[in-house]
Amino acid sequence: MDTSDFVIGQRWVSHSDTGLGLGIVTELSGRRVTLGFPAADEERTYAIDNAPLSRIMYQIGEEIETFDGERFVVRAVEDLGGVLMYYADDGGEELARVSEVKLSSAVDFSAPHQRLFAGQFDRNGAFRLRMATVRHQDRLRASDAQGLIGARTQHLPHQIYIAHEVATRFAPRVLLADEVGLGKTIEAGLILHYQLQTQRARRVLIVVPDSLVHQWLVEMLRRFNLRFSIIDQGRYEAESAFADLPDEEDEDFADDPSANPFEAEQLALCSLDFLMSNPQAQEDARLAGWDLMVVDEAHHLAWSPEAASPEYQLVEQLSTASQGLLLLTATPEQVGVASHFARLRLLDPARFHDLETFRKEEARYESINNAVTRLREQGTDLDDSDRKSLKGWLGDDFDRLISAPDPVQGIIDALLDRHGTGRVLFRNTRAAIAGFPERRPAAIPLPCPEIYDPSVRYGMTALTPEITVDEELWLAEDPRVGWLEQTLTQLKPAKVVVICAHASTAVALEHYLQLRAGIRSTAFHEHLSLVERDRAAAYFSDDQQGAHALICSEIGSEGRNFQFAHHLVLFDLPANPDLLEQRIGRLDRIGQTEAIDIHVPYLENTAQAVQFRWFDEGLNAFAASCSVGVAVQEKVSEQWEQAIGGGSSEQLSALIDDSQTEADRLRELLRKGRDALIELNSCRPEVAQTLIEAIEAEESGDPVRQYMLDACDILGVDIEDHSEHADILRPGEQYQAGHVTELPEDGLTVTWDRQQALQREDMAFMSWEHPLVSGIMESVTSSGLGKAALATMTVKALPAGTLLLEALYTVHCPAPESLQLSRFLPVSPLRLLVDVNGRDLSATLPHDRLNDMCSNIRRRTAQSIVPQIRPQVETMVDHAERLAAPHLEPLRAQALEGLGQLLKPEIQRLESLKQVNPAIREEEIAFFREQLAAAEAAIGQASLSLEGIRVIVTA
C-alpha cells in the first residue's frame with residue numbers, strides 16, 4: 006500500500022481484529038493512516054506500508070445499512086475523489102444516494118467474496134469442512150433414514166415402520182397401541198426424534214402418570230439424546246420465589262415477563278397428576294402452544310357420551326393447543342368400545358364424531374377386511390360385486406383411485422382412512438411379532454421366620470414384611486436372604502437382576518452381598534442421582550470386571566432394560582399386575598436371546614404365597630405377558646383383598662377360578678374386537694427392511710468419524726484413542742466452544758459402533774444425528790467458517806499466477822418455518838470451478854482431487870495477494886453466477902411436485918370426508934389450501950446463494 010490508496014472518509018476493515026467493525030479514515034500523516042472505529046469506540050494508527058487493512062467496496066446487488074439503521078440494495082456505484090457514492094433503493098420509486106461515510110460501523114460480511122476482500126478468510130481445511138458439511142446435510146435430508154439415525158435402540162421392523170409412517174406426516178395424530186414389551190415408548194421417541202431433527206416440530210409436551218416421569222426423562226435422553234425439562238410443583242414454587250425477589254436479585258428471570266414455565270421450555274415433561282392439582286399449570290400449558298403432545302397410559306382417560314372425566318377434559322383442551330398428538334396405551338379396547346372411541350375422538354374429531362356411527366362402522370369391518378385381502382391378492386382385477394362395494398364405500402373417489410399410479414395402495418389407504426381406524430391406530434401383537442423369549446418361572450417357598458409378627462403376615466404390609474423390623478434382624482433371619490446369597494453364588498458368572506419394592510431393602514441387600522457375602526453387586530434405586538444410576542448400570546453391564554448382581558428397588562423396573570441378563574429374582578411381589586409385568590419386562594423384551602428364568606422366593610402361609618398363586622394360577626402372569634391383569638384385579642378386587650388379608654383356602658380357590666374366567670373372557674374380547682385392518686397397516690416388513698438398511702448404511706461409523714476427525718482438528722478438539730471403535734473427545738488449546746456446544750469441559754467418551762453403543766450406555770453413540778455432530782454441522786453452515794479461503798497449488802500445465810475459483814452454491818428459500826419447505830427444496834449443493842475466462846473446470850478437477858493438490862498460503866502473504874487479485878476474483882464470481890443460474894429451475898419444479906404430492910391428497914381427503922361428515926369445517930380445508938398457495942409462492946422466490954469460495958493461485 007501507499008499513501009494514494011487512502012482518502013479521508015473511506016471505509017476499511019482490520020482483518021487482524023474484525024471485532025472493531027467498519028473503520029473510517031480520519032487522518033493521513035506522512036506514512037501513517039489513522040482510522041476511527043465507532044462500533045468499538047476506538048481509534049488506531051497504522052503504518053501504511055504494512056497496515057492489516059482491507060478496503061470495503063460493496064457491489065451491485067449487495068445490501069448496505071446506514072448508521073441510522075436504514076437498509077438499501079446497491080444498484081450503482083460512483084467514485085467521487087476516492088470516496089464511494091452508492092445509488093441504492095429501499096423498495097421506493099427513486100434511488101437514494103448513500104455516501105460510504107454514512108455506512109453503519111457494525112458490519113457482518115455474509116457474502117464469501119466480501120469476507121475474502123475484508124481479510125476474513127480461512128485456511129483450506131475450513132473450506133473443505135464447509136463443503137463436506139453441506140454435502141452431508143443434503144444427502145441426509147434426501148435419505149429415507151433421515152430422523153431415524155443414531156437412536157440407541159435395536160432396529161426392529163415394527164418399530165421402524167410405525168416411526169417412519171407416523172413421523173413423516175404433517176402434525177401426526179395417532180394412537181400407539183402395541184402390546185406390552187413391543188416398545189411403544191421407543192416408537193414415540195423415534196417419532197419425536199424425527200420430527201425434531203427435521204424441524205417439523207420444535208415444541209413438544211409429554212404428559213404421563215406421575216410414576217413414569219423419571220422413566221420418560223431417562224429414556225428420551227439415553228436413547229434419543231432429547232433433553233426434556235420436568236415441570237412440576239417444585240418448578241412452580243421456585244418460579245414464584247424468584248418472582249417475589251427484588252428486581253436487582255431477579256436478573257435471571259428479567260427476560261421472561263410471561264413467567265410461564267411451559268413457554269420457557271421447548272421440550273417439556275410433566276405428570277397428569279400435577280396438572281390436575283394445579284389449575285394455573287393447566288392454563289399455562291394450554292396457552293404455551295405445542296407442535297406435538299404425547300400422552301402415555303391414555304386408557305386411563307375416562308369418557309362416555311354423557312360425561313367425561315376431568316382428566317379427559319384436560320387432555321382434550323391441551324390437544325386443541327397442539328398440532329400433533331400421540332396417545333399411548335397397550336389396551337385400546339380393554340375398557341369398552343366407548344372408551345376406545347373417546348381416544349380416537351381426541352385424535353381426529355372430524356373423522357370420529359359420533360359414537361353410534363362408529364359402532365355401525367365396526368360392524369362393516371369384516372366385509373372391508375375381505376375386500377382388502379382380495380385387493381392385495383388380485384390387484385385391480387376385481388369382479389363386479391367388489392367394484393360395487395368399493396364404489397359404495399369410496400364414492401366418486403373410487404374412479405380416481407382406480408386409475409392412480411398405485412391403485413391398490415391408494416384404495417387401501419382410503420378405506421383405512423374412512424372405514425377403519427388404521428390411519429390413526431397402530432397396534433402390533435406378540436402373536437404377530439417374533440422374537441420374544443420363553444419365560445421359566447420357578448417358585449421357592451420358604452418358611453416364614455418368627456421375627457415377622459403373625460399380625461403382619463397377611464395384608465398389604467405382608468408383601469414386604471422386612472420394612473417392619475430392624476435391618477440387621479431381617480438380614481440375619483429372613484430365609485430369602487440366605488437363599489439369595491446361595492443362588493447368586495451358584496449362578497456365577499451369569500448376570501442376575503434382583504428387584505424388590507423398596508429402596509431401603511435394595512440398599513440393605515446390596516451392602517450384605519458386597520460386604521458379607523463377597524458377591525460383586527451394585528444398587529439401583531430412586532435415592533441415587535441420574536449419574537449414579539448410569540454408573541451402576543454401566544458397572545453391571547461390564548462383562549469383565551462388572552457386578553454380578555444388580556439390586557433394584559421398584560424404580561429399577563422403570564426406564565432400564567437389561568436384555569443381556571436372563572436371570573430375574575423377584576425378592577418380593579407387587580400388588581399390581583402391571584408392576585409385575587413391568588419388572589419381568591426389563592428382561593422380557595424383543596432382542597432377548599435367552600429364555601428368562603424367573604426366581605420367586607416367597608414366605609409360606611403369608612400374603613406372599615397368596616399373591617404368587619393368584620399371579621401364577623389366576624392370571625398366568627409369570628409364564629406369559631398379561632395385558633388384562635389390572636382389569637381382572639378391578640373385577641375381583643373384593644375377593645383379592647379378602648385373600649391377601651388372610652381369607653380361607655376356599656376363598657382363595659374361588660378367587661383363582663374367577664380370575665381365570667375373567668382373564669380368558671377379556672383376552673377373547675380383545676382378539677375378536679381387534680380391527681384386522683389395523684394389523685395390515687401396523688407393520689409392512691418389506692418397507693421396514695428397506696428403511697433399516699438405509700439407517701444402518703448411514704450409521705456406519707467410518708464416514709461420520711472421518712467427518713468429526715476433520716471438524717475436531719479445525720475446531721480445536723483433541724481426540725484420544727480409547728479402545729476399538731471408541732475415542733475420547735476433549736477441548737484442546739485452540740478449542741472453539743462456540744462451534745462445539747455439546748462437549749463437556751471434562752471431555753466425552755464416544756463410540757462409532759452401534760453394537761458397542763447398545764452394550765455400553767456410558768459411551769455416547771456418535772451418528773450424523775447426535776447433537777454434537779448435528780450441532781457442529783449447523784454451526785458451520787450458519788457461521789462464516791470456511792466461507793472464504795485462499796490456497797496455492799502447482800500444476801505443470803498451468804503457468805504460475807493462474808487463478809481458479811471454486812464456488813459452492815446452495816438453494817436459499819426464505820419462508821415461514823411453519824411451511825417446512827426444506828422437505829421439498831433441500832440444500833442441493835452445486836460446486837463449480839471456473840477460471841478468469843469463464844471456463845467450467847468442475848469435471849476436470851473434482852473437489853476431492855483438488856483438495857489433494859492444494860496447500861495453504863502463509864497468512865501474511867495471502868493478505869498481500871488479495872488486493873492484487875480482487876478484480877479477477879470479482880470476474881470469476883460473475884462467471885460462476887452465470888453458470889449456476891440454469892440449475893435453479895429444475896430444483897423449483899421438483900419441489901413444487903413434492904409439495905403437491907403431500908398437500909393435495911390431504912385437501913382431497915378432507916373434501917371427501919366433508920361430504921359424509923358435517924363436522925368438518927370449511928376453515929380446515931381452507932387452511933391446507935392456503936398452506937399450498939403460500940408454499941408455492943415461496944418456492945417461486947427461491948434463489949441460488951453463494952455459500953463459499955476458495956481462490957486458488959498456481960505456483
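First residue of the sequence shown: 6, per our numbering; consecutive thereafter. Note that the Cβ used here is the ideal one computed from N, Cα and C, for glycine as well. Bear in mind the structure is a predicted one, so any value in this text is a computation, not a measurement.
Inset, instruction - Go ahead and pull the three-state DSSP assignment for residue 740. - result: coil
Legend entry - Nearest-angstrom Cα separation, counted from residue 771 out to residue 808: 40 Å
Legend entry - Candidates 23, 699, 617, 697: closest to residue 1 by CA position: Look at the range of the chain in this structure, 6 to 960, and you will see that residue 1 is not part of it.
Legend entry - Alpha-carbon spacing of residue 54 relative to residue 8, whole angstroms: 9 Å
Inset, instruction - Closer than 8 Å by C-beta to residue 911: which residues in its own chain qualify, once you throw out the five before and the five after it? Chain order, please. - result: 175, 933
Legend entry - Neighbour-count burial assignment, residue 236, 16 or more Cβ in a 10 Å radius: buried
Inset, instruction - Please find out if some non-hydrogen atom of the ligand MN comes closer than 7 Å to the beta-carbon of residue 328. - result: For the structure depicted, the ligand MN is absent and the ligand set is empty, with no information on it obtainable.
Legend entry - Proximity below 8 Å, CB of residue 722 to CB of residue 745: yes
Legend entry - Beta-ladder partner(s) of residue 90, from DSSP: 83, 104
Inset, instruction - Starting from the C-beta of residue 207, find all residues in its chain whose C-beta is less than 8 Å away, skip the five residues before and the five after it, and write them out in chain order. - result: 201, 271, 296, 822
Inset, instruction - Look at the Cβ atom of residue 577, then the Cβ atom of residue 550, and state whether they are nearer than 8 Å. - result: no
Legend entry - For residue 515 and residue 640, the rounded distance between their alpha carbons: 38 Å
Legend entry - Euclidean distance between Cα positions of residue 112 and residue 812: 23 Å
Inset, instruction - State buried or exposed for residue 19, treating a residue as buried only when at least 16 other CB atoms are found within 10 Å of its CB. - result: buried
Legend entry - Nearest residue (CA-CA) to residue 826, options 719, 711, 203: 203
Inset, instruction - Could you pull out every residue in the same chain whose Cβ sits closer than 8 Å to the Cβ of residue 448, ignoring the five residues on either side in sequence? - result: 605, 607, 617, 621
Legend entry - Close-in-space but distant-in-sequence residues of the same chain around residue 725 (CB under 6 Å, 5 per side omitted): 733
Inset, instruction - Assuming residue 155 contacts residue 757 (C-beta within less than 8 Å), just tell me the rounded distance between them. - result: Rounded, the Cβ-Cβ distance is 11 Å, inconsistent with contact.
Inset, instruction - Just list the alpha helix (DSSP H) runs in the stretch 340-388, keeping only unbroken ones of 4 residues or longer that don't cross its boundaries, in chain order. - result: 342-352, 360-368, 370-383
Inset, instruction - Find out if the Cβ-Cβ distance for the pair residue 44, residue 26 is shorter than 8 Å. - result: yes
Legend entry - Contacts around residue 132, its chain only, beta-carbon distance under 7 Å, and the 5 residues preceding and following it disregarded: 791, 794, 953, 955
Legend entry - Reduced DSSP category for residue 3 - H, G, I as helix; E, B as strand; rest coil: Given that the chain is displayed from residue 6 to residue 960, the structure contains no residue 3 and the question cannot be resolved.
Inset, instruction - Find out if the Cβ-Cβ distance for the pair residue 937, residue 915 is shorter than 8 Å. - result: no
Inset, instruction - Could you check what DSSP says for residue 726 in three-state terms: helix, strand or coil? - result: strand
Inset, instruction - Identify which residue in 710, 345, 291 has its Cα closest to the Cα of residue 310. - result: 345
Inset, instruction - To the nearest angstrom, report how far apart residue 268 and residue 243 are at their CA atoms. - result: 16 Å
Inset, instruction - Return the CA-CA distance between residue 866 and residue 717, expressed in angstroms with no decimal places. - result: 26 Å
Legend entry - Endpoints, alpha helix (DSSP H) assigned at residue 631: Note, residue 631: premise wrong, no alpha helix (DSSP H); not H, not E.
Legend entry - Where residue 222 falls, given that 16 or more other Cβ within 10 Å makes a residue buried: buried
Inset, instruction - Note down the Cα distance separating residue 543 from residue 462, rounded to an integer number of angstroms. - result: 38 Å
Inset, instruction - Using the DSSP secondary-structure output, state which residues sit across from residue 144 in a beta bridge. - result: The partner list for residue 144 (beta bridge, DSSP) is empty, contrary to what the question assumes.
Legend entry - Option in 728, 214, 215, 944 with minimal Cα separation from residue 819: 944
Legend entry - the stretch 77-96 in contact with the stretch 140-147 per 3-pair CB rule at 8 Å: no
Legend entry - Residues bridged to residue 295 [DSSP beta-bridge criterion]: 327
Inset, instruction - Would you give the residue range spanned by the beta strand (DSSP E) that residue 573 belongs to? - result: 572-575
Inset, instruction - Identify whether residue 771 lies in helix, strand or coil by the three-state DSSP scheme. - result: coil
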